[in-house]
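These notes concern the structure reproduced below.
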Amino acid sequence: MILAVSMWFYAAGGAAISVFGPSVESISEDFGLTYSQISLIITVISIGFIAGSLAGGAASDRWGRRAVLVPSAAGATMSMFWFAASPTFGSLLAAGFCIGASFGPGLAAATALIADLARQRSTRVLNLFNSAFALGAIVAPPLVAVGLAAFTSWRVAYVVVAVWFATSGLMFTRLSYPPRSGSVPTLRSVVRGLGSPVSILLGLVLMLYVGVEIAFGDFGAAFMERTQGIPRAAAAASVTAFWIGVLLGRLVVYRLAGTWRAASIVRWSLVLALGTSVLAALAGSAPLAVLGFVLTGATIGGIFPTALGIGLRIRPGIAGSLAGALTAMASVGGALLAPMIGAASDAAGPRGGMLLAPAFILAAMLLFEIVQALRRRSARDSAGLTPPPVKGSIDA
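The sequence shown begins at 1 in this note's numbering and counts up by one.
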C-alpha cells in the first residue's frame, strides 16, 4: 500500500513537471514570451524544488515521512491551481517556484520511505517507483492536447493535475507508516555524507540527466512543431513518445536489476542514449524523430533511479537527507541547463537546443566513470584496513 500511494503521488508530480513542455507554445503566445523567458519558468520551478528537496529530506529524517508528505501534497495542489489561474508572467514565476518548493519535499520523503522498505533491493524498487513519474509524464501531453482541442486552453490540464495531487494528499493522511528504525542522524554524519565526492558526482550525473529530460520533455514539442512541421496538438502529444520510452526503460531495468550490477546498467544506458539522442536531434522527418524520442527515453530512463539507488545504499542512515540532496542537485539541471537550452533554441532554432542533449550525456558518462574509480579505490582502502586472520582462529 505504501508503494502504491507513493507512486500515485509521484505520478502526479510527473504530470505536474511534464505538463509544462506541451504547453510551451500556448503559454508563449498568451504571454508574449521568448524561449529564454520560458526557460526562466523552468529555472524558478527548479530553484523551488532544490530548496524544498533539501529541507524536506532533512525534515523527514528528523520528524518522520508523514510529517512531510501530507503538507507537500497540499502545497502542490494549491500551487497547481495558482499556476492555472495566473494572469501575468510574474504570477507564473511565483506559482512555478511554489510548485517546485511543495513537490520537492514530498519526493525526497517518498524516495526515502521506499528506500527504507527496499534496502538491498533499492535498484529494482526505485526503478519501479520512478516508473510512476513516467506514467504521469505520459498522461500530461494528452491532457494538454485535450484541453487545447476541447477548451482552447492549456490551463485545464493544470487544474486536473491539482486535483490529482489533492487525492494523493488524502491517501497520505490515511496511510499506516512503518516505525522509524535507528536514531536520528547527527548533523556531522549528514554533512559527511552529503559532502563526499561520490555523492557530489552522482548529483552532477543526475543534474545532466535532468538536462536531457528538459531538452526532450519541455522543448521537444517546440522541436516537433517548428522543425518537423506537425500541428501543435500533435506536437504536444508527440512528447508522450519520450515518456513512454522512459517508462519502458525503467521497467526493463526493474527486471535486469536482479542480474546486472547497478553500475553496469548506468554505464551502458549512457552509451546507448548518446547515440539515440543524436538520432532524435538530427532526424529529418517526424516519424524518425518520434522513434528517436522513444529510444532516448528507453535508454536513459533507468539512469535516474539507478544512480539514486547507488547513492542511497552507500549512506542508508541518512536516506531522507541524501535523497533530498541528490534530487536537489538533479534539479540544478533545470536551473542551469534549461536557460542554456532556451538560449540555444533562440539562437539556432529548436534543433540547436536539442543537440545539447548528447553533450549532457557525454559529460555524464565521464563523471560516472570518475564515480566508479572512487568507489573502487574506497573498496581497496577498506580491504587494506581489514586485519589479517590470526593463525588458529576460525577465520584463518
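Backbone N, C-alpha and C define an ideal beta-carbon position, used for all residues, glycine too.
Contact defined as beta carbons within less than 8 Å: I believe SER72 pairs with PRO22. What is the distance between those atoms, to the nearest angstrom? Within the sequence shown, the letter at position 72 stands for residue 72. Within the sequence shown, the letter at position 22 stands for residue 22. Rounded, the Cβ-Cβ distance is 25 Å, inconsistent with contact.
Rounded to whole angstroms, what's the CA-CA distance from ILE321 to SER60? Just pull it up for me. The count along the sequence shown starts at 1 and reaches residue 321 at position 321. The count along the sequence shown starts at 1 and reaches residue 60 at position 60. Reading off the sequence shown, one finds Ser at residue 321, where the question assumed Ile. In a straight line, the C-alpha of SER321 is about 8 Å away from that of SER60.
Determine the closest residue to ALA330 out of GLY96, ARG65, LEU202, GLY302, with distance taken between C-alpha atoms. Residue 330 sits at position 330 when you count from the first residue of the sequence shown. When only C-alpha atoms are compared, the closest one is LEU202.
Could you check what DSSP says for PRO231 in three-state terms: helix, strand or coil? As a first step, residue 231 is located in the sequence shown; it is residue number 231 there, counting from the start. Reduced to three states, the DSSP call for PRO231 is coil.
For VAL159 versus ALA84, is the C-beta distance shorter than 8 Å? Here residue 159 is taken as the residue at index 159 of the sequence shown, counted from 1. Here residue 84 is taken as the residue at index 84 of the sequence shown, counted from 1. Yes.
Once the 5 residues before and after ALA132 are set aside, which same chain residues still bring their CB inside 6 Å of it? As a position in the sequence shown, residue 132 is number 132, starting the count at 1. Hits under 6 Å: MET7, TYR10, ALA11.
Three-pair Cβ contact test at 8 Å for the stretch 226-240 versus the stretch 325-341: no
For ALA15, I'd like the list of residues in its chain whose CB is within less than 6 Å of its CB, leaving aside the five on either flank, ordered along the chain. Residue mapping note: residue 15 aligns to position 15 of the sequence shown, counting from 1. The residues are GLY136, VAL139, ALA140, VAL161.
C-beta atoms of GLU225 and ALA215 nearer than 8 Å: What you label residue 225 is simply residue 225 of the sequence shown in a count that begins at 1. What you label residue 215 is simply residue 215 of the sequence shown in a count that begins at 1. The answer is no: Cβ separation not under 8 Å.
I need the DSSP call for TYR10, collapsed to helix, strand or coil. Walking along the sequence shown from the start, residue 10 turns up at place 10. TYR10 falls in the helix class under three-state DSSP.
Quick check on DSSP: helix, strand or coil for TYR158? If you number the sequence shown from 1, residue 158 lands on position 158. In the structure shown, TYR158 sits in a helix (DSSP, three-state: H, G or I).
Out of curiosity, what's the CA-to-CA distance linking LEU356 and VAL246? In the sequence shown, residue 356 corresponds to position 356, counting from 1. In the sequence shown, residue 246 corresponds to position 246, counting from 1. Looking at the two C-alpha atoms, the distance is approximately 19 Å.
Exposed or buried, what is PHE151 when buried is set at 16 or more other beta-carbons lying within 10 Å of its beta-carbon? On the sequence shown, position 151 is the one that residue 151 refers to. By the 10 Å Cβ count, PHE151 comes out exposed.
Run through DSSP, which three-state label would GLY422 get? The chain is shown from 1 up to 396; residue 422 falls before or after that span and cannot be answered.
Sufficient close CB pairs (3 or more, under 8 Å) joining the stretch 265-276 to the stretch 357-367: Put simply, the stretch 265-276 touches the stretch 357-367. At least three CB pairs are less than 8 Å apart.
From GLY284 to GLN228, what distance separates their C-alpha atoms? Locating residue 284 in the sequence shown gives position 284, counting from the first residue. Locating residue 228 in the sequence shown gives position 228, counting from the first residue. About 8 Å.
Between which two residues does the alpha helix (DSSP H) carrying ALA335 extend? Locating residue 335 in the sequence shown gives position 335, counting from the first residue. Here ALA335 belongs to no alpha helix (DSSP H), and DSSP marks it neither H nor E.
Is VAL5 helix, strand or coil by DSSP? The count along the sequence shown starts at 1 and reaches residue 5 at position 5. If DSSP states are grouped into helix, strand and coil, VAL5 belongs with the helices.
Integer-rounded CB distance, given that ARG65 should sit under 8 Å from ALA112: The residue given as residue 112 occupies position 112 in the sequence shown. The residue given as residue 65 occupies position 65 in the sequence shown. Sure, about 7 Å apart at Cβ, within 8 Å.
Taking the CB atoms as reference points, tell me whether LEU270 and PHE172 lie closer together than 8 Å. Counting from 1 along the sequence shown, the entry for residue 270 is found at position 270. Counting from 1 along the sequence shown, the entry for residue 172 is found at position 172. No, Cβ-Cβ distance for LEU270 and PHE172 is not below 8 Å.
Here's a check: name, in chain order, each residue in its chain whose Cβ is nearer than 7 Å to the Cβ of ALA453, leaving out the five neighbours to either side. As shown, the chain starts at 1 and ends at 396. That puts residue 453 outside it, with no answer to give.
Can you name, in chain order, every residue of its own chain whose Cβ lies under 8 Å from the Cβ of LEU33, other than the five neighbours on each side? Here residue 33 refers to the residue found at position 33 when the sequence shown is read from its first residue. The residues are ILE27, PHE89.
Buried/exposed call for MET354, threshold 16 Cβ in 10 Å: In the sequence shown, residue 354 corresponds to position 354, counting from 1. So MET354 ends up on the buried side.
Buried or exposed for MET80, going by 16 or more other Cβ atoms inside 10 Å? Along the sequence shown, one-based indexing puts residue 80 at 80. Note on MET80: 16 or more other CB atoms within 10 angstroms of its CB, so buried under the neighbour-count rule.
Please classify SER176: is it buried, with 16 or more other beta-carbons within 10 angstroms of its beta-carbon, or exposed? As a position in the sequence shown, residue 176 is number 176, starting the count at 1. Exposed, by the Cβ-count rule.
Got a sec? Which residues, its chain only, sit under 6 Å from VAL156 by beta carbon, not counting five neighbours each side? Reading the sequence shown from its first residue, position 156 is the one you call residue 156. Closer than 6 Å at Cβ, skipping near neighbours: GLY147.
In whole angstroms, give me the CA-to-CA distance for ARG380 and ASN130. Indexing the sequence shown from 1 puts residue 380 at position 380. Indexing the sequence shown from 1 puts residue 130 at position 130. Looking at the two C-alpha atoms, the distance is approximately 32 Å.
Only counting the same chain, and skipping five residues up and downstream in sequence, which positions put a Cβ closer than 7 Å to that of GLY311? Here residue 311 corresponds to residue number 311 of the sequence shown, with the count starting at 1. For GLY311, where only same-chain residues beyond five positions count, the Cβ hits under 7 Å are SER199, LEU202, LEU322, LEU326.
Spatial neighbours of ILE45 in its chain, beta-carbon cut-off 6 Å, leaving aside the 5 residues before and after: Taking the sequence shown and counting its residues from 1, the one referred to as residue 45 is at position 45. If we look at ILE45 and ignore the five residues flanking it on each side, its Cβ neighbours are GLY96, ILE99, GLY100.
I need the boundaries of the alpha helix (DSSP H) containing TYR254, first residue and last residue. Your numbering for residue 254 matches position 254 in the sequence shown. Note, TYR254: alpha helix (DSSP H), 240-256.
Selected residue, minimal CA-CA separation from ILE17, among TYR35, ILE41, GLY292: In the sequence shown, the residue the question calls residue 17 occupies position 17. It is ILE41 whose Cα lies nearest to the Cα of ILE17.
Using a 10 Å radius around the Cβ and a threshold of 16 neighbouring Cβ atoms, would you call THR259 buried or exposed? Sequence index remark: in the sequence shown, residue 259 carries index 259 (1-based). By the neighbour-count rule (16 or more Cβ atoms within 10 Å), THR259 is not buried but exposed.
Between the alpha carbons of VAL19 and ARG377, how many angstroms are there, rounded? If you number the sequence shown from 1, residue 19 lands on position 19. If you number the sequence shown from 1, residue 377 lands on position 377. In a straight line, the C-alpha of VAL19 is about 43 Å away from that of ARG377.
Report the residue from PRO87, GLY13, ASN127, PRO287 whose alpha carbon sits nearest the alpha carbon of THR77. Translated into positions along the sequence shown, residue 77 becomes position 77. By alpha-carbon distance to THR77, the top candidate from PRO87, GLY13, ASN127, PRO287 is GLY13.
Whole-angstrom distance between GLY349 and VAL252, CA atom to CA atom: As a first step, residue 252 must be located in the sequence shown, where it is residue number 252. As a first step, residue 349 must be located in the sequence shown, where it is residue number 349. Straight through space, the alpha carbons of GLY349 and VAL252 are spaced by roughly 34 Å.
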